[in-house]
Amino acid sequence: MTFLFFDKAPENGGRSVLWMRKLFLFRWFVKYFPISLHKTVDLDPSRRYLMGYHPHGIFGLGCVSALASHACDFPVKFPGIKTHILTLNSNFIVPFYRDYLMAAGFCSVSRKSCENILRQKAGNAIVIVIGGAQESLAAHAGHMDLTLRRRFGFVKVAMHTGADLVPVIGFGENDILGQAENRKGSWLYWYQQKIKAAAGFTMPIFFGRGFLHKYYGWLPYRRPIDVVIGKPIPVPHCANPTQEQIQEVHDRYVEALIELWNENKDKYAPLRLEELRLID
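Position 243 (the sequence shown) corresponds to 243 in the UniProt record's numbering; numbering is contiguous.
Dropping the structure here:
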């Protein structure tokens with residue numbers, strides 16, 4: 001336990017292990033769905049990047065598979081860019097599990113961690129699932145409901161460090177697992193919000209297919225996830241940005257995200273039930 005208190009690696013870039021990120025099991029995993037990575041432009045390795053992944057889904061499997069592991073050939077498609085997937089500090093409390101996370105490229109999502117990584121060297125990229133636990137409650141097949149309207153922390157980090165913002169959409173992320181009906185106002189939604197307020201996270205009640213059949217179970221459905229990385233958005237380097245400056249950058253990010261959706265939705269989400277919506 002002493003080690004957990006004194007080891008600050010999760011806030012200083014982690015301890016990524018190349019062989020772990022290249023593990024053959026990840027390639028088997030992505031073939032199950034399958035999961036694919038698509039780029040729209042090259043990323044300059046002399047720059048630093050803050051990638052926003054949307055949507056959270058139930059577990060964010062597209063994010064982990066395409067951006068943490070090398071199973072979708074991220075280093076081949078974006079040479080010189082090293083990704084760091086950010087997650088809650090609480091995930092680094094459990095011994096051994098924390099070491100697995102760091103080996104796979106995960107770090108803390110605290111502001112200190114974000115800024116430490118982005119200031120270390122050019123080519124570093126942090127990946128934040130911006131909608132977080134709140135957005136996971138809106139993960140329903142055929143929908144792209146995002147929690148983004150009041151999320152400004154990632155914009156502040158980008159402005160403090162001068163990192164470019166990069167919108168990323170995981171088309172199909174919400175389709176691989178079903179979720180119990182939990183509309184706002186329902187007792188289940190109320191209960192999930194109470195848990196989130198107390199613990200900092202919540203767990204959707206999800207379902208999928210079985211091991212030996214296609215009916216009820218907890219395995220994800222075999223449905224494709226297409227992770228599309230958009231164009232970088234230059235951000236002014238500003239140590240003390242005003243709220244107006246933050247809002248302006250946020251608006252540009254939302255505009256770029258919607259543009260990325262519109263350019264790719266017919267190809268990767270042809271069976272969608274609704275268009276992308278900002279619900280919170």
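We put the CB at the ideal spot given by N, CA and C, even for glycine. Quick caveat, the model's predicted, so the values are computed rather than measured.
Helix or strand or just coil, what does DSSP make of residue i?
i    : result
V166 : strand
N182 : coil
V17  : coil
M159 : helix
G57  : coil
R252 : helix
R27  : helix
L188 : helix
G62  : helix
L148 : coil
I279 : coil
I246 : helix
I274 : The displayed chain sequence assigns Glu, not Ile, to residue 274. Correct three-state label for E274: coil.
K8   : coil
Looking only at its own chain, which residues have a Cβ that is under 6 Å from the Cβ of residue i, when we skip the five neighbours before and after it?
i    : result
M159 : V235, C238 and P241
C107 : P10, G14, H84, L86 and S113
Spatial neighbours of residue i within its chain, please: CB distance less than 7 Å, with the 5 preceding and 5 following residues excluded, ordered by chain position.
i    : result
E115 : V157, H160 and T161
S110 : E11 and N89
I258 : L276
R252 : I233
C151 : The question names Cys, but residue 151 in the sequence shown is Arg. Once the five neighbours on either side are set aside, the close Cβ partners of R151 are I130.
L260 : P167, I169, V228 and G230
Under the DSSP definition of a beta bridge, which residues are partnered with residue i?
i           : result
G208        : G217
residue 323 : A query on residue 323 cannot be resolved here, the shown segment of the chain reaching from 1 to 280 and no further.
I233        : L165
M51         : V127 and V166
Please report how far the alpha carbon of residue i lies from the alpha carbon of residue j, in whole angstroms.
i    : j    : result
A269 : L219 : 22 Å
I233 : W190 : 37 Å
T118 : H38  : In the sequence as displayed, the identity of residue 118 is Leu instead of Thr. Each residue's alpha carbon lies about 24 Å from the other.
D7   : P95  : 12 Å
P75  : R48  : 15 Å
F26  : E244 : 43 Å
Below 8 Å CB to CB, which residues in the same chain sit around residue i once its five sequence neighbours on both sides are set aside?
i    : result
G142 : N174, D175, L271, R272, L273 and E274
* To do: Write down every uninterrupted run of the alpha helix (DSSP H) in the segment 68-146 whose length is 4 residues or greater and which is fully enclosed by it, in chain order.
  => 74-77, 97-103, 111-120 and 132-136
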